[in-house]
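S.K.: Take a look at the following structure, please.
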Amino acid sequence: MLSIKNLVVNYGMINAVRDVSFEVNKGEIVTLIGANGVGKTTILRTISGLVKAASGEISYEGENITRHTPRNIVASGIAHVPEGRHVFKGISVKENLELGAFLRNDAEGIRSTMERVFEHFPILKERIDQDAATLSGGEQQMLAMGRALMAKPRLILLDEPSMGLAPLFIKEIFSIIELIKSEGTTVLLIEQNAKMALTVADRGYVLETGKIVLSGTGEELLNSDEVQKAYLGG
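Under UniProt numbering, the sequence shown has 138 at position 138, and the numbering climbs by one with no breaks.
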């Protein structure tokens with residue numbers, strides 16, 4: 001479904017991503033793990049068109065999207081939930097969700113998708129007219145994920161969905177990630193909580209200083225001595 005080949009991304013003189021290649025197959029949860037600053041977020045931002053690649057190719061469903069605009073990438077079926085949530089403050093929960101469907105023109109379908117979002121995140125229905133700025137961190141993360149789902153993506157990019165959340169919210173967020181997959185949406189996940197990420201992931205890749213150094217199934221990486229020592233406290 002998604003193929004990254006020899007991706008190189010630079011920030012000025014800094015080589016943030018170095019010749020990275022990996023694949024995400026339809027129906028999978030694939031996770032990228034690694035320390036802060038190794039290029040994980042940059043990879044997601046490049047896939048979604050927010051950062052331009054210096055070289056390499058990003059293919060989605062057989063089409064080269066490396067130079068596509070963010071708008072066209074969303075229209076093709078990819079949604080991005082950024083690190084830090086970035087909900088739109090000063091407007092309501094409902095209006096935030098409606099903005100997630102800005103490229104859609106099927107009013108009935110949008111209403112149906114919003115009801116599905118409320119099934120996933122009941123607290124958002126309770127807060128439907130509330131300013132997004134007044135939500136807790138966990139509720140804002142749910143809103144950011146719900147907003148992305150409003151686009152009806154076939155592939156969703158999740159950047160650090162558990163960052164700064166209480167353990168109860170973290171457990172709920174990961175349950176929703178598994179539910180999203182079960183409903184047919186493919187997931188590419190970046191997550192500092194490597195144990196949780198590898199527990200739900202079908203496959204994973206380990207990044208160090210902009211390069212992939214290890215890959216395997218989620219279970220294989222969970223049981224890897226190298227991964228346990230570096231990321232799981234083993």
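Beta carbons: idealized from backbone N, C-alpha and C, even for Gly. None of these values were measured; they are calculated from a predicted model.
Hey, is residue 2's beta-carbon within less than 8 Å of any beta-carbon in chain C?
M.R.: In the displayed structure, chain C is absent; only one protein chain is listed.
S.K.: Would you give the residue range spanned by the alpha helix (DSSP H) that residue 72 belongs to?
M.R.: First-last of the alpha helix (DSSP H) with residue 72: 70-75.
S.K.: When DSSP labels each residue in this structure, what does residue 211 get in the three-state scheme?
M.R.: Residue 211: strand per DSSP, three-state reduction.
S.K.: Can you grab the Cα-Cα spacing for the pair residue 92 / residue 102, in whole Å?
M.R.: C-alpha separation (whole angstroms): 16 Å.
S.K.: For residue 139 versus residue 162, is the C-beta distance shorter than 8 Å?
M.R.: Contact flag unset, no.
S.K.: Rounded to the nearest angstrom, what separates residue 63 and residue 19 at their Cα positions?
M.R.: If I take the Cα positions, the gap works out to 20 Å.
S.K.: In chain order, what residues of the same chain lie with their CB nearer than 6 Å to the CB of residue 176, ignoring the 5 residues before and after it?
M.R.: Correct list, in chain order: 120.
S.K.: Determine the closest residue to residue 13 out of 54, 4 and 33, with distance taken between C-alpha atoms.
M.R.: With distances taken between Cα atoms, residue 13 lies closest to 54.
S.K.: Would you identify the three-state DSSP class for residue 157, choosing helix, strand or coil?
M.R.: In the structure shown, residue 157 sits in a strand (DSSP, three-state: E or B).
S.K.: Spell out the partners DSSP gives residue 121 in its beta bridges.
M.R.: Bridge partners of residue 121: none, in fact.
S.K.: Bridge partners for residue 131 per DSSP, in chain order?
M.R.: According to DSSP, residue 131 bridges with 92.
S.K.: From this set, 153, 15, 100 and 35, which residue's C-alpha is nearest residue 27's C-alpha?
M.R.: Comparing Cα positions, the closest option is 153.
S.K.: Just grab the DSSP bridge partners of residue 22 for me.
M.R.: Paired residues: 4.
S.K.: Would you decide whether residue 224 is buried or exposed? Buried here means 16 or more other CB atoms lie within 10 Å of its CB.
M.R.: It counts as buried.
S.K.: Given residue 40, which residues of its chain have a CB within under 7 Å of its CB, disregarding the five upstream and five downstream residues?
M.R.: Excluding sequence neighbours, residue 40 sits near 32, 34, 190 and 207.
S.K.: Can you tell me where the beta strand (DSSP E) with residue 78 in it begins and where it stops?
M.R.: Note, residue 78: beta strand (DSSP E), 78-81.
S.K.: Taking contact to mean at least 3 C-beta pairs separated by less than 8 Å, is the region 79-91 in contact with the region 130-148?
M.R.: Cβ pair count under 8 Å is three or more, so yes.
S.K.: Pick out whichever of 46, 209 and 116 has its Cα sitting closest to the Cα of residue 180.
M.R.: Here the closest residue by C-alpha is 116.
S.K.: Strictly by DSSP, which residues pair up with residue 232?
M.R.: None, per the DSSP bridge assignment.
S.K.: Quick one: give me the first and last residue of the alpha helix (DSSP H) that residue 28 is part of.
M.R.: Note, residue 28: premise wrong, no alpha helix (DSSP H); not H, not E.
S.K.: Within the region 135-191, note down every full alpha helix (DSSP H) run reaching 4 residues or more, in order along the chain.
M.R.: With a minimum length of 4 residues, the continuous alpha helix (DSSP H) runs that stay inside the region 135-191 are 137-149 and 167-182.
S.K.: Helix, strand or coil for residue 216? Go by DSSP, reduced to three states.
M.R.: Residue 216: strand per DSSP, three-state reduction.
S.K.: From the DSSP output, in three-state form, read off residue 63 for me.
M.R.: The answer is strand: DSSP assigns residue 63 an E or B state.
S.K.: If you drop the 5 nearest sequence neighbours on each side, which residues of the same chain put their C-beta closer than 8 Å to that of residue 173?
M.R.: Within the same chain, residue 173 has close Cβ partners 138, 141, 142, 145, 161, 162 and 165.
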